[in-house]
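Numbering (the working numbering), first residue to last: 10 to 625. Working notes, structure below.
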Amino acid sequence: MRSRKRCEGSMPTVEEVWRRALDALLPPPQLTVSQWADGCRILGNTSPEPGPWRTDRTPYLREIMDSLSPSSDCERVVFVKSAQVGGTEVLLNACGYLMHHAPAPILLVQPTVEMAKRFSKQRLDDLIESTPVLCGRVKDPRSRDSGNTVLMKEFSGGVLILTGANSAVGLRSLPAKYVLADELDAWPADADGEGDPLHLAVKRTAAYGTQRKILAVSTPTIEGVSRIEALYRVSDQRRYYVPCPRCGHYQVLAWGNVIWDEGQPETARYRCEACAGLIENWQKTEMLARGEWRPTAAGDGRTRGYHISALYAPVGWPSWGDLAREFLEAKKTRETLQVWINTVLGETWKDEAAVPLEADVLYARREPFAAEVPAGVCLLTAGADVQADRIELEVVGWGAGEESWSIGYFVLHGDTGQPEVWSDLDRLLLRQWRHESGLQLTIAAACIDAGFETETVLDFARPRRGRRIWAVKGQGGFGKPIWPRRASTGGRHRGELYLIGSDTAKEKVYSRLRVAHPGPGYCHFPLDRARDWFEQLVSERIIVERGERKFSKPAGVRNEALDCRAYATAALHALYMSGFRLDDHARAFRAQLAPSPAVPAPAAYQVARSSFVHGR
10 MRSRKRCEGS MPTVEEVWRR ALDALLPPPQ LTVSQWADGC RILGNTSPEP GPWRTDRTPY
70 LREIMDSLSP SSDCERVVFV KSAQVGGTEV LLNACGYLMH HAPAPILLVQ PTVEMAKRFS
130 KQRLDDLIES TPVLCGRVKD PRSRDSGNTV LMKEFSGGVL ILTGANSAVG LRSLPAKYVL
190 ADELDAWPAD ADGEGDPLHL AVKRTAAYGT QRKILAVSTP TIEGVSRIEA LYRVSDQRRY
250 YVPCPRCGHY QVLAWGNVIW DEGQPETARY RCEACAGLIE NWQKTEMLAR GEWRPTAAGD
310 GRTRGYHISA LYAPVGWPSW GDLAREFLEA KKTRETLQVW INTVLGETWK DEAAVPLEAD
370 VLYARREPFA AEVPAGVCLL TAGADVQADR IELEVVGWGA GEESWSIGYF VLHGDTGQPE
430 VWSDLDRLLL RQWRHESGLQ LTIAAACIDA GFETETVLDF ARPRRGRRIW AVKGQGGFGK
490 PIWPRRASTG GRHRGELYLI GSDTAKEKVY SRLRVAHPGP GYCHFPLDRA RDWFEQLVSE
550 RIIVERGERK FSKPAGVRNE ALDCRAYATA ALHALYMSGF RLDDHARAFR AQLAPSPAVP
610 APAAYQVARS SFVHGR
């Protein structure tokens with residue numbers, strides 16, 4: 010850490026004593042947060058633009074910061090933002106202003122305690138050390154008498170407490186006049202079982218009435234789940250209007266008006282919605298300087314909401330051309346496009362998986378397969394669901410871009426506590442499958458649900474590890490990896506149990522089911538598959554419960570088909586974890602195919618097939 014100049018805990022000079030005494034006696038000048046930042050804030054050497062802070066560099070931040078000043082009648086400020094627009098600087102300038110100019114108890118909340126510690130060490134300490142008026146007020150935590158720690162900064166007239174939204178203890182640590190909530194959409198739904206962390210934090214301000222200030226800052230995530238989106242909706246929903254340099258028309262910058270020459274994103278320009286004139290990126294400086302915030306909704310009268318995207322980033326920061334290039338790369342997959350929408354446009358992602366799929370639509374897509382395993386398939390995986398009286402299993406064929414074919418669906422009847430049905434399963438997993446080229450394929454990997462007969466499944470999978478047959482158990486929660494880095498071993502279970510991200514896997518299945526045309530991600534179904542199988546495949550719904558998304562199955566509805574497809578998908582991801590690349594394998598598989606004489610398929614062990622297979 011850099012030296013703190015006069016912040017080493019030494020005795021104050023006579024001059025400092027007089028200055029502090031006068032500061033205490035004289036009323037503070039009526040500075041706003043932006044005025045304080047322009048006059049006092051120094052950006053340290055770790056900043057991309059070190060030196061004195063200039064609000065004119067990002068003029069859209071001025072009103073947001075000033076709404077946090079005591080002179081503003083605003084009580085709550087909601088800032089919905091993209092990345093790379095200076096959002097964190099609003100938080101830091103507010104901290105500096107309050108510590109120096111309007112001291113009071115402050116509660117700054119990050120998503121987790123660890124993130125709060127990191128913010129304190131990397132951002133807050135830099136603010137204090139680089140800004141002389143703060144360095145003299147906040148003692149170095151290394152000093153014996155400082156009273157300061159990583160998560161507590163004492164200063165004359167107040168204290169700044171940092172904590173995480175995952176810590177109920179930290180959220181009820183002390184009354185606070187100011188609550189600064191950062192990256193709200195990354196907060197947990199519950200803090201140590203004591204309820205919504207934002208509600209707990211806001212309760213700390215009750216004693217200050219209308220004098221309190223609450224700032225909520227975040228990049229949004231998913232529509233209907235995003236916390237910052239919900240707060241913005243009850244605000245006056247301000248947008249930053251900027252004038253066209255050509256016709257003077259004021260407008261909100263929208264991605265749909267960014268255009269570029271085919272294959273040349275660096276040529277990106279902005280088309281005015283009024284005169285259709287083309288605006289160059291360098292012209293943003295004047296546009297931003299003349300911009301103004303305008304409410305677009307009535308709101309509740311106490312909450313100001315602000316929304317800004319990376320389209321407004323000042324010259325020298327990511328340009329429209331940079332954003333266009335990022336977009337062309339991001340749109341290749343749903344996952345990367347979601348990140349781009351959230352972090353560049355500062356908008357929520359509409360979760361298509363939350364819109365119910367229709368079984369009839371998928372049923373109508375059935376098609377005849379030219380062979381047991383169609384030509385596009387280069388790999389087989391399987392997923393099995395275990396019930397008390399049966400094992401259900403789907404064999405899925407995979408091609409380039411994760412295009413898939415449902416090769417077969419089987420129901421093996423029998424008491425799963427007895428060995429007979431497991432012998433049937435073993436023979437099915439050993440079966441060869443005739444490819445349209447004449448080659449014989451075997452199942453490359455399989456996942457078997459161990460949620461019901463856990464020990465039996467572990468006993469079955471243990472000697473078959475060499476065949477890549479794994480015992481799995483689903484773990485709820487979106488965002489968890491489909492396949493874990495390692496298996497769970499020890500404890501009361503004998504063998505390796507893989508805890509898979511079942512919600513993530515099902516979300517991927519639903520995303521693939523929405524692909525409308527053959528090609529990457531498309532799901533093919535055989536003509537003899539029965540309608541009730543499709544009802545099982547789309548049986549679950551995504552709901553929001555206590556601020557979190559989860560898959561929910563209506564009571565009495567069967568979902569084995571969906572579970573089996575999720576397990577077969579997990580088996581593919583297990584191969585990915587070992588370095589397997591499906592597209593490379595697909596190219597190599599096609600290269601080895603050559604015309605060969607028809608060879609009759611070997612006699613296969615006959616298992617009891619579900620009525621789904623026969624279309625009944």
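Here a beta-carbon is modelled for each residue, glycine too, at the ideal position from N, C-alpha and C.
Q | Where the beta strand (DSSP E) containing G447 begins and where it ends | A | Segment: none, G447 is in no beta strand (DSSP E) and carries neither H nor E.
Q. When we look at the beta-carbon of E275 and count the other beta-carbons within 10 Å, is it buried (16 or more) or exposed?
A. exposed
Q: Grab me the residues of P304's own chain with a C-beta within less than 6 Å of its C-beta, minus the 5 sequence neighbours each way, in chain order.
A: D245, R247
Q | Residues near Y259 by beta carbon distance below 6 Å, same chain, minus five either side | A | Y250, P252
Q. Taking just the CA atoms, how far does V99 sit from M296?
A. 21 Å
Q | Rounded separation between T219 and S182 - CA only | A | 21 Å
Q) Are the beta-carbon atoms of E462 and G426 separated by less than 8 Å? A) yes
Q: Could you tell me the distance, in whole angstroms, from the CA atom of Q396 to the CA atom of D458?
A: 9 Å
Q: Pull up the DSSP beta-bridge partners for D593, would you.
A: None; D593 has no bridge partner.
**Q.** Where K515 falls, given that 16 or more other Cβ within 10 Å makes a residue buried
**A.** buried
Q) Skipping 5 residues on each side, what residues in its chain have a beta carbon closer than 6 Å to that of G423? A) E429, V430
Q: Please state whether DSSP places F419 in a helix, a strand or coil.
A: strand
(Q) Considering only their Cβ atoms, is the gap separating V481 from T578 smaller than 8 Å? (A) no
Q: Grab the span of the beta strand (DSSP E) containing W407 for me, first residue to last.
A: 399–407
Q) Hey, would you say S328 sits closer than 8 Å to N290, going by beta carbons? A) yes
Q. Using CA coordinates, which residue listed in R436, V243, L287 is at the minimum distance from I478?
A. R436
(Q) Contact defined as beta carbons within less than 8 Å: I believe G410 pairs with G257. What is the distance between those atoms, to the nearest angstrom? (A) At roughly 48 Å, the Cβ-Cβ gap does not stay under 8 Å, so G410 and G257 are not in contact.
Q: Assign Q601 to one of three DSSP states: helix, strand, or coil.
A: helix
Q: Could you please give me the residues that DSSP links to W326 through a beta bridge?
A: V324
Q: Could you tell me which residues DSSP puts in a beta bridge with I223?
A: R85, V188
Q. Are the beta-carbon atoms of D201 and A177 separated by less than 8 Å?
A. yes
(Q) Can you look up C144 in the DSSP assignment and give me helix, strand or coil? (A) helix
Q. Of all the beta strand (DSSP E) runs that stay within the bounds of the region 502–556, which reach a length of 3 or more residues?
A. 506–510, 550–554
Q | Nonlocal neighbours in the same chain, by C-beta distance under 8 Å from R636, ignoring five residues either side | A | There is simply no residue 636 to check, as the chain begins at 10 and stops at 625 in what is shown.
Q. In terms of DSSP beta bridges, what is L388 paired with?
A. W407
**Q.** Own chain residues within Cβ distance below 7 Å of L337, not counting five before or after
**A.** P274
Q | G166 versus H110, A215, S139, residue with shortest Cα-Cα distance | A | H110
Q. Who pairs with A454 in a beta bridge, going by DSSP?
A. T390
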